[in-house]
Amino acid sequence: MKRALEQALPPVVTLVLVVGLWEGGVRLLGVPAFLVPPPSAVASSIMKERTLLLSALATTSEGALSGFALSLCLGTLAGIVLSLSRRLERGVYPYTIFLQTVPIVAIAPLLVLWFGVGLRAVAVSAFIVSVFPVVANTLSGLKSVDPRLTDLFRLYGASELAALLKLRLPSAVGSMTTGWRVASGLSVIGAIVGEFVAGFSEGSAGLGITILAAYRQLRTDLLFGAVLLASLLGLALFAGVSLAARLLLRRLRARG
Amino acid sequence: MDLSVEAGSFVALVGPSGCGKSTLLRLVSGLEAPTAGTVSVVPAEVSSPATRSESDGKRIAFVFQDAHLLPWRTALDNVALPLELQGVAREEARRRARAPLGDVELDDALERYPDQLSGGMRMRVSIARALVTEPDLLLLDEPFAALDELSRQRLDERLRALWARRRMTVLFVTHALSEALFLSERVLVLSKRPARIVLDHAVELPAARPLALRSELAFVEQSALLYRALEAHGGLDEARA
Chain A
893 MKRALEQALP
903 PVVTLVLVVG
913 LWEGGVRLLG
923 VPAFLVPPPS
933 AVASSIMKER
943 TLLLSALATT
953 SEGALSGFAL
963 SLCLGTLAGI
973 VLSLSRRLER
983 GVYPYTIFLQ
993 TVPIVAIAPL
1003 LVLWFGVGLR
1013 AVAVSAFIVS
1023 VFPVVANTLS
1033 GLKSVDPRLT
1043 DLFRLYGASE
1053 LAALLKLRLP
1063 SAVGSMTTGW
1073 RVASGLSVIG
1083 AIVGEFVAGF
1093 SEGSAGLGIT
1103 ILAAYRQLRT
1113 DLLFGAVLLA
1123 SLLGLALFAG
1133 VSLAARLLLR
1143 RLRARG
Chain B
880 MDLSVEAGSF
890 VALVGPSGCG
900 KSTLLRLVSG
910 LEAPTAGTVS
920 VVPAEVSSPA
930 TRSESDGKRI
940 AFVFQDAHLL
950 PWRTALDNVA
960 LPLELQGVAR
970 EEARRRARAP
980 LGDVELDDAL
990 ERYPDQLSGG
1000 MRMRVSIARA
1010 LVTEPDLLLL
1020 DEPFAALDEL
1030 SRQRLDERLR
1040 ALWARRRMTV
1050 LFVTHALSEA
1060 LFLSERVLVL
1070 SKRPARIVLD
1080 HAVELPAARP
1090 LALRSELAFV
1100 EQSALLYRAL
1110 EAHGGLDEAR
1120 A
């Protein structure tokens, strides 16, 4: 209990200090609220617009989680397929790096053309941004298996499938979870960027749209609130995935 | 190099590191294919592992320098693994894995994971894993090199007892002359690369070998004989007496 308190105290102190300095500084220097709103204004704006913000959070979560789920499924599958053949890996892997380097803002309009405005385009945007770490970490994990264990499986005539399920996948889990953690944070970024371009769905606007709207109306306090929620969403996703990974690794007694 | 080993014998291979002792074991096991010459394990020729049938796999087992266990499996499940890979149902494999674990005196550690076992215990699990398929040929590549002297001697004794009971053919690669002598019926001393057999020594020691044997005159004399053969062929720097 005392240790937990000691762990939690320093970041809380930092938070209180920063918020206090921010509030005091803005008031003392008379910075206009449309440039930098004081924390108290952001807080009251979040409270006032909570229905709007919560529904935006739900929309963005849906897009980010869908994209993240796509990344987990397709990225893991791609990593497994690439690990099956050295030639295939050499032929295809360099092009998956393309996914890493493509500026998502630049191709987002294309996503609107292909998938229309709304959840699907947003999810695909989140997917494109977050899939590469999943592929790369799955692949490297599957390839870094203890060679003596590979020998052992060969010696007993294990099938390719048995080697994958009983040796290579369990060995790779540590590396794979690293990819999941990175991808979880990226998927939120991908969803917000996707919403900037493709987020005008009929019903509820996401956090990306809320940020744009607040910016156009110079409602900087609301903008800060939306950014805060977007960060919290990324953080929550990251924490959830980290926890799931820790439990899985403990079950497998592998090192992360 | 021309070497033939009689079925049911315990043969130790000593020689300088890098002379190809490990490669020899890998060739015999079929994990590597010879570039020239043939390796045959009677009755069938060793082919590439990909083309071996289940019955082939059963005949040969390999123990590596370290235990190389699957960390996510208990001792029992690690030992059951070879059977599972050969198509035995999981529960049946677990049932049959108990006996070899008993042979290495690990009955009370069945459900423990490798990270809950000492180095010597992990090595014993590794040996049990090799024995579970009741191999006709057991290949050991410096299996106890990473252990302390006391654990090593105890494992040597246990291995010797297992062999005396089961009489499988054993090829045992080691750096330690006394270990080779203590364990085997025949010690082959190899030269530096390209490896030749410089001494083929039939061990003259009683079949029952207590730990104290190592300090008896016959043991010391034969040890000296092996030592000189190694020394004459440049293998001494790596070998331990």
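Respectively, the protein sequence lines represent chains A and B.
Heads up, the first sequence is in the working numbering, so the first residue is 893 and it goes up one at a time.
Heads up, the second sequence is in the working numbering, so the first residue is 880 and it goes up one at a time.
Just so it is clear, CB atoms sit at the ideal spot from N, CA and C, and this is done for glycine as well.
As assigned by DSSP and simplified to three states, the class of residue i
| i | result |
| --- | --- |
| ARG1065 of chain B | strand |
| LEU1017 of chain B | strand |
| ALA946 of chain B | coil |
| PHE926 of chain A | coil |
| PHE1130 of chain A | helix |
| LEU1055 of chain B | The sequence given here places Ala at residue 1055 of chain B; Leu does not occur at that position. Here ALA1055 of chain B sits in strand by DSSP. |
| ALA1081 of chain B | strand |
| THR951 of chain A | helix |
| PHE889 of chain B | strand |
| THR1048 of chain B | strand |
| ALA915 of chain B | coil |
| ALA1097 of chain A | coil |
| PHE941 of chain B | strand |
Same chain, Cβ closer than 8 Å to residue i, five either side skipped, listed in chain order
| i | result |
| --- | --- |
| GLU984 of chain B | ARG1003, ARG1037 |
| ARG1073 of chain A | PHE1130, VAL1133, SER1134, ALA1137 |
| SER1079 of chain A | ALA956, LEU957, GLY959, PHE960, SER963, ALA1018, PHE1019, VAL1021, SER1022, LEU1129 |
| LEU1053 of chain A | none |
| PRO931 of chain A | VAL911, TRP914, GLU915 |
| MET893 of chain A | none |
| ALA989 of chain B | Strictly speaking, residue 989 of chain B in this sequence is Leu, with Ala absent from that position. Contacts found: THR953, ALA954, LEU955, ARG977, LEU980. |
| ALA1000 of chain A | ALA1013, SER1017, VAL1085, GLY1086, PHE1088, VAL1089, ALA1090 |
| THR1030 of chain A | GLY967, THR968, ALA970, GLY971, ILE972, SER975, ALA1064, SER1067, MET1068, GLY1071 |
Proximal residues of chain A, C-beta to C-beta of residue i below 8 Å
| i | result |
| --- | --- |
| ALA947 of chain B | A small correction: the amino acid at residue 947 of chain B is His; Ala does not occupy that position in the sequence shown. Within 8 Å Cβ-Cβ: ASP1038, ARG1040, LEU1041, LEU1044. |
| GLN895 of chain B | Correcting the residue identity first, residue 895 of chain B is Pro in this sequence and not Gln. The contacting residues do not exist; PRO895 of chain B stays about 22 Å from chain A at best. |
| TYR992 of chain B | ARG1145 |
| ILE1006 of chain B | Under the 8 Å cutoff, chain A gives no residues; its nearest Cβ is about 13 Å from ILE1006 of chain B. |
| SER941 of chain B | Per the sequence presented here, residue 941 of chain B reads as Phe, with Ser not at that position. ASP1043, LEU1044, LEU1047, listed in chain order. |
Residues that residue i contacts on chain A, provided the C-beta gap is smaller than 7 Å
| i | result |
| --- | --- |
| SER908 of chain B | LEU1047 |
| PRO961 of chain B | TYR1048 |
Cut-off 7 Å between Cβ atoms - residues of its own chain near residue i, not counting five sequence neighbours on either side
| i | result |
| --- | --- |
| ALA1013 of chain A | LEU1003, VAL1004, PHE1007, GLY1086, ALA1090 |
| ARG1088 of chain B | ARG1039, PHE1061 |
| ARG991 of chain B | THR953, ALA954 |
| HIS1112 of chain B | SER1070, LYS1071, VAL1077 |
| ARG1001 of chain B | ALA946, LEU948, PRO993 |
| PRO979 of chain B | VAL958, ALA1007, LEU1010, VAL1011 |
| PHE1098 of chain B | LEU1060, LEU1084, LEU1092 |
| ILE1084 of chain A | THR952, LEU1099, GLY1100, ALA1122 |
| LYS940 of chain A | none |
Within chain B, the residues that residue i reaches when beta carbons sit closer than 9 Å
| i | result |
| --- | --- |
| ALA1137 of chain A | The contacting residues do not exist; ALA1137 of chain A stays about 15 Å from chain B at best. |
| ALA1105 of chain A | Within 9 Å Cβ-Cβ: nothing; ALA1105 of chain A doesn't reach chain B, min ~50 Å. |
Beta-carbon proximity list for residue i, same chain, < 6 Å, skipping 5 on both sides
| i | result |
| --- | --- |
| ARG931 of chain B | Confidence in ARG931 of chain B is poor, its pLDDT being 45 and thus under 50, which makes the residue's placement unreliable; the coordinate value appears in the next sentence. Taken in chain order, the list of residues that qualify is empty. |
| VAL1027 of chain A | GLY967, ALA970, GLY971, THR988 |
| ALA929 of chain B | Because the pLDDT of ALA929 of chain B is 44, which lies under 50, any placement of that residue in the model is unreliable, and the number read from its coordinates should be weighed accordingly. Here the set comprises nothing. |
| PHE941 of chain B | SER908, LEU1018 |
Within chain B, partners of residue i - CB distance below 8 Å
| i | result |
| --- | --- |
| PRO1062 of chain A | LEU949, TRP951 |
| GLY961 of chain A | The residue you asked about is not Gly; residue 961 of chain A is Ala in the sequence shown. By Cβ distance, chain B contributes nothing, its closest Cβ being about 25 Å from ALA961 of chain A, past 8 Å. |
| ALA1050 of chain A | LEU964 |
| ALA1000 of chain A | Within 8 Å Cβ-Cβ: nothing; ALA1000 of chain A doesn't reach chain B, min ~42 Å. |
Listed by chain order, chain B residues near residue i by CB distance under 7 Å
| i | result |
| --- | --- |
| ALA1054 of chain A | LEU964 |
| query | Quick check: the segment 1113-1127 of chain A against the segment 975-991 of chain A, are there 3 or more CB pairs under 8 Å? | reply | no
| Cβ contact (3+ pairs, closer than 8 Å) linking the segment 985-1002 of chain A and the segment 1046-1062 of chain A | no
| Which ranges does the alpha helix (DSSP H) cover as unbroken runs of at least 4 residues, wholly within the segment 976-1033 of chain A, from first to last along the chain? | 978-993, 996-1007
| Per the contact definition of three or more C-beta pairs closer than 8 Å, is the segment 1032-1050 of chain A in contact with the segment 945-960 of chain B? | yes
| field | contact_flag[the segment 888-895 of chain B, the segment 1041-1057 of chain B] where n(CB pairs < 8 Å) is 3 or more | value | yes
| query | Does the segment 1014-1034 of chain B come within contact of the segment 889-907 of chain B, defined as at least 3 CB pairs closer than 8 Å? | reply | yes
| Contiguous alpha helix (DSSP H) assignments of at least 4 residues, all confined to the segment 970-1047 of chain B | 998-1010, 1028-1045
| Counting pairs of beta carbons, one from the segment 1089-1109 of chain B and one from the segment 903-914 of chain B, are three or more of them closer than 8 Å? | no
| field | Complete alpha helix (DSSP H) runs within the segment 1060-1126 of chain A (minimum length 4 residues, chain order) | value | 1061-1090, 1099-1108
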